[in-house]
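To keep things clear, I will list the structure first and then write my remarks on it.
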Amino acid sequence: MGKTAETTNSLVDLKISPPSANAELALTGATGFIGTALLSHLTAAGWRVRALYRPRKGRVLPKIPGVEWFAGNLNDDAVINTLVKDVHAVIHCAGAVRGASRADFDRVNEEGALRLSMAAAQQTNMPRFLLISSLAARAPELSHYAGSKWRGECAIKTVSEDLRWTVLRPPAVFGPGDRELLPLFRSMAKGFAPLPAGAKGRFSMIYVDDLAAAVVHWLAADAGYGQTMELDDGFAGGYDWDTVLDIGGRVLRNGASVRRIPIPVSVLKFAAFTNLGASRL
Numbered sequence: 002m003g004k005t006a007e008t009t010n011s012l013v014d015l016k017i018s019p020p021s022a023n024a025e026l027a028l029t030g031a032t033g034f035i036g037t038a039l040l041s042h043l044t045a046a047g048w049r050v051r052a053l054y055r056p057r058k059g060r061v062l063p064k065i066p067g068v069e070w071f072a073g074n075l076n077d078d079a080v081i082n083t084l085v086k087d088v089h090a091v092i093h094c095a096g097a098v099r100g101a102s103r104a105d106f107d108r109v110n111e112e113g114a115l116r117l118s119m120a121a122a123q124q125t126n127m128p129r130f131l132l133i134s135s136l137a138a139r140a141p142e143l144s145h146y147a148g149s150k151w152r153g154e155c156a157i158k159t160v161s162e163d164l165r166w167t168v169l170r171p172p173a174v175f176g177p178g179d180r181e182l183l184p185l186f187r188s189m190a191k192g193f194a195p196l197p198a199g200a201k202g203r204f205s206m207i208y209v210d211d212l213a214a215a216v217v218h219w220l221a222a223d224a225g226y227g228q229t230m231e232l233d234d235g236f237a238g239g240y241d242w243d244t245v246l247d248i249g250g251r252v253l254r255n256g257a258s259v260r261r262i263p264i265p266v267s268v269l270k271f272a273a274f275t276n277l278g279a280s281r282l
């Protein structure tokens, strides 16, 4: 039985040791924002990585010592089985953050997690399994994305009693290569921040390199099985938008203020719908 979610930063406090010379792991989502940071940290720590990527016209993959690229997707059982064969651990980082329907999200976030964990569980030497989920899974009823992340977590827990799984739930992740928060930061650098009208509440964040470091520590710790862990950057009490704007002004504008521009929710929903439609063309 898995444990309930716990908020922890303890992974980064564990004593780590370098992997053995033949230590190899499988990574999905390796070309994405978080996956790119993971590749950098994993190889720097001495891991050899089998990295899954979706082939597309014009894509040029970086040549990274210790990384072997595997073309395919999470629906290809043959590729997945080859990817996870004889590895020490499997890290499932691939995820859908945009979609026009529940099925679009479930295809990757739930069904992909299930297929990958099943392939791992079928190995003679069963690898450890880490699912990079999302803090959104706390409230699966709020959106198709949140629901799919929660269902993905549930799926890997039912595969095998012997599967040594761990779930990490990062909050909003920011850093170099981020395309979700980058437009906001660019606006803040210009002195304004378009935000949902009436946006309140508090939220947590984590820098992408800190998340990647936590994954490296999980690998070295050989612990945390059957647990769902919620990570953050340790900012006491979390952030609110006033705090974010204040930090943005000090960091991006040498102390000058950043003005909040309220955007009606109806406008944001229309923009999201338009972006989803364009992404399917």
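With the numbering used here, the residue at position 191 of the sequence shown is 192, and numbering never jumps.
For each residue, glycine too, the CB sits at the ideal point set by N, CA and C.
If only complete runs of 4 or more residues are kept, the segment 20-66 shows the alpha helix (DSSP H) at 34-45, in order along the chain. The segment 30-44 makes no contact with the segment 74-86, as fewer than three CB pairs between them are under 8 Å. A residue is called buried once 16 or more other Cβ atoms fall within 10 Å of its Cβ, and A90 is buried on that count.
If you compare the alpha carbons of R203, G192, G235 with that of R254, the shortest gap goes to G192. In terms of Cβ geometry, D241 and R187 do not form a close pair [threshold 9 Å]. Close CB contacts of A97 within its chain, under the 6 Å cut and outside five residues either way in sequence, are with F106, V109, N110 (chain order). DSSP places T244 inside the alpha helix (DSSP H), whose first and last residues are 242-253. Per DSSP, the unbroken beta strand (DSSP E) holding R260 starts and ends at 260-264.
The alpha-carbon separation between G239 and W219 amounts to approximately 24 Å. For R180, no beta strand (DSSP E) run applies, since DSSP gives it neither H nor E.
Shown here, T83 sits in a helix according to DSSP, grouped into three states. With a cutoff of 9 Å on beta-carbon distance, A46 and A31 are scored as not near each other.
Residues of the same chain with a CB within less than 6 Å of the CB of V168, apart from the 5 flanking positions on each side, are L132, S134, E154, T229 in chain order. Between the beta-carbon of W48 and that of L26 there is about 6 Å, and that keeps the pair under the 8 Å contact cut. Bounds of the alpha helix (DSSP H) holding M119 are 112-122. Its Cα nearest to that of A101, the residue Y146 stands out among A114, Y146, K64. Between V88 and M119, the CB-CB gap reaches or exceeds 9 Å.
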